[in-house]
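Notes for the one structure printed next.
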Amino acid sequence: MDFETLASGESIAKVVAALKERNVEGISVKDRVEAMEKIKEFIPKGASVNTGASTTLEQIGFVEYLKSGTHGWNNLKGAIATEKDAEKQAVLRREALLSEFYLGSVHGLAETGEFVVGSNTGSQLPHIAYSSQNLILVVSTKKIVPTLLDAIRRLEEHVVPLEDARMKKASDGKYGTRLSKEIIFRYESPFNKRKIRMLLVSENLGF
2 MDFETLASGE SIAKVVAALK ERNVEGISVK DRVEAMEKIK EFIPKGASVN TGASTTLEQI
62 GFVEYLKSGT HGWNNLKGAI ATEKDAEKQA VLRREALLSE FYLGSVHGLA ETGEFVVGSN
122 TGSQLPHIAY SSQNLILVVS TKKIVPTLLD AIRRLEEHVV PLEDARMKKA SDGKYGTRLS
182 KEIIFRYESP FNKRKIRMLL VSENLGF
């Protein structure tokens with residue numbers, strides 16, 4: 002299966018409709034510029050913001066924008082990065098699980114609306130499953146596949162080897178990654194009263 006081709010307009014429309022049935026708002030955008038415009042529109046000044054490690058967020062310019070401090074948000078990710086005391090940093094990491102906004106991506110998205118996210122440490126999974134009240138997922142349409150099983154295959158057979166190779170290259174072979182934990186997101190309960198948005202970007206981003 003080809004895991005790198007951008008989805009058709011018909012496929013994107015199917016995903017948007019399927020996500021709606023699962024209490025996730027799917028929003029189609031043409032490129033990274035429009036994705037950034039939407040993110041800035043969604044997050045109010047003063048809101049606490051956290052992110053996971055994401056090639057997609059780096060590519061659209063969000064990581065640098067968050068570091069810039071020009072947005073008026075409470076950058077929890079930055080606070081963690083600048084804290085040098087290991088015990089204090091651990092406390093900040095736990096507190097950041099309750100960020101008002103969390104941004105990340107997914108590794109596979111089925112036309113039927115389910116999506117999968119894999120992780121080595123599992124640090125981003127609580128935000129996605131429950132802990133952050135507002136979730137913004139930035140997803141290249143190349144990650145859209147027909148079924149949930151295809152989405153799992155995309156994660157396990159395509160994304161993990163690419164990420165492992167990237168990390169080994171960056172560390173001169175000292176370390177890579179492994180798929181320690183993964184989450185299948187099927188439905189968001191309305192009782193949680195969370196707002197989950199997925200920006201479907203018609204541009205080649207991420208793995």
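Numbers given in our numbering equal positions in the sequence shown, counted from 1, plus 1. Backbone N, C-alpha and C fix where the C-beta goes; we use that ideal spot for every residue, glycine too.
Assigned with DSSP and collapsed to three states, Glu-204 falls in coil, not helix or strand. Ranked by Cα distance from Ser-9, the options Asn-24, Val-64, Lys-31 and Leu-20 are led by Lys-31. Note that the segment 63-79 does not touch the segment 124-132; fewer than 3 beta-carbon pairs, one per stretch, sit closer than 8 Å.
Annotated three-state conformation of Arg-33 is helix, per DSSP. Using a Cβ distance threshold of 8 Å, Asn-24 and Ile-129 do not count as a contacting pair.
The segment 153-164 makes no contact with the segment 98-106, as fewer than three CB pairs between them are under 8 Å. Note on Tyr-103: 16 or more other CB atoms within 10 angstroms of its CB, so buried under the neighbour-count rule. When rounded, the separation of the alpha-carbon atoms in Gly-70 and Phe-63 is 12 Å.
Annotation: Phe-116 to Val-16 spans about 10 Å, alpha carbon to alpha carbon. As the crow flies, the alpha-carbon of Ala-19 is around 21 Å from that of Glu-183.
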